[in-house]
Structures are given as structure tokens and as C-alpha cells.
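Chemist:
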Amino acid sequence: MKTSTALRIAAVVTFVFFAGHTSGYPWTPDAGPAELAVIDAMKGHSFDVVGSSRTYWDFYVGFGLAIGLFQLMQAVILWQLAGIARTNAAVVRPIVTVFFIAYIINAIIALKFLFVIPLVTSLVIALFLGLAFYFAGKRQPATD
């Protein structure tokens with residue numbers, strides 16, 4: 010496998026992660042009275058945050074949207090790194106390392122606080138980033 014191929018696969022899976030996360034908006038199960046009570050409580054009390062009036066619901070939605078934006082940005086960057094890796098795979102290794110570590114940590118967070126879909130998705134992305142790192146360290150022809 011080429012470094013660029015592993016990065017393209019990681020980019021596509023990251024984009025799917027973004028699409029899945031974003032399509033889950035507003036990210037709450039609101040099937041019953043207990044869930045609705047929690048949502049109402051999150052929306053029900055405003056407090057001052059550095060001069061702005063916000064609720065826990067505002068933070069919940071804002072952070073959820075920010076996560077989606079960062080997932081999309083990561084997919085784009087990984088796709089661009091794949092293009093760079095075609096001509097100079099070794100130069101992308103430090104950046105791939107940062108993404109790899111971040112996705113391993115994201116998998117741990119998903120295991121502890123979330124659920125199986127973000128856990129598995131993070132591990133799949135980390136796998137392809139690990140492969141990209143490995144292949145970027147091998148001698149490759151200039152057309153990789």
C-alpha cells in the first residue's frame with residue numbers, strides 16, 4: 010500500500026465520521042419523558058459566560074457543531090497530505106503522527122464516555138494513519 014492511498018482512505022473515513030456526526034444533530038435521544046426533562050433542564054437556565062448569556066444546551070450544540078467542523082477540516086487536510094505524500098512521503102510523517110496520536114486518544118475518549126461507533130471509526134482512522142506513517146518511512150519511488 011502507498012502512503013498516499015492510506016491517507017486517502019483515512020480522509021474518506023474521516024469524512025464519513027463527519028457526515029455521521031453531523032447527521033446526528035442535535036445528538037440527543039429524545040424518545041421519552043426522562044430524556045426530554047434533561048434537554049429542558051439544559052435549555053432552562055442561562056448563566057453569564059464572559060459577558061454572554063448561555064445555557065448548557067448552547068454549549069452542547071456549539072461544541073457538537075465545532076466537532077463536526079473539525080472533523081471536516083481533518084478530512085480535507087488528510088486528503089491534501091495524501092497529495093503531498095505522492096511526491097515526498099517522508100515529509101508528511103510528523104503531521105501523520107499528530108493525527109495518529111489524536112485519533113488514538115479520541116478512541117480512548119469514545120471508549121470511556123461515548124459509544125461503539127465513534128470508537129470503531131477512530132480506530133479505523135488510526136489504523137490507516139499508522140499504515141501511512143509506516144509506509145512513509147520506507148523508501149518509495151518518487152511517484153508514490
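For what it's worth, this note's numbering labels the leading residue of the sequence shown as 10, then goes sequentially.
Note that CB positions come from ideal geometry on N, CA and C, so glycine has one too.
Gln80 and Thr23: beta carbons closer than 8 Å?
Modeler: Cβ atoms of Gln80 and Thr23: closer than 8 Å.
Chemist: Under the three-state reduction of DSSP, which class applies to Ser61: helix, strand or coil?
Modeler: In this structure, Ser61 counts as strand in the three-state DSSP scheme.
Chemist: Give me the Cβ distance between Arg102 and Gly146, rounded to the nearest whole Å; I'm assuming they're in contact under 8 Å.
Modeler: Indeed they touch by this definition, with Cβ atoms about 7 Å apart.
Chemist: Per the DSSP calculation, Phe56 is bridged to which residue(s)?
Modeler: The partner list for Phe56 (beta bridge, DSSP) reads Arg63.
Chemist: From this set, Leu45, Ala141, Val47, Gly73, which residue's C-alpha is nearest Arg95's C-alpha?
Modeler: Answer by Cα proximity: Ala141.
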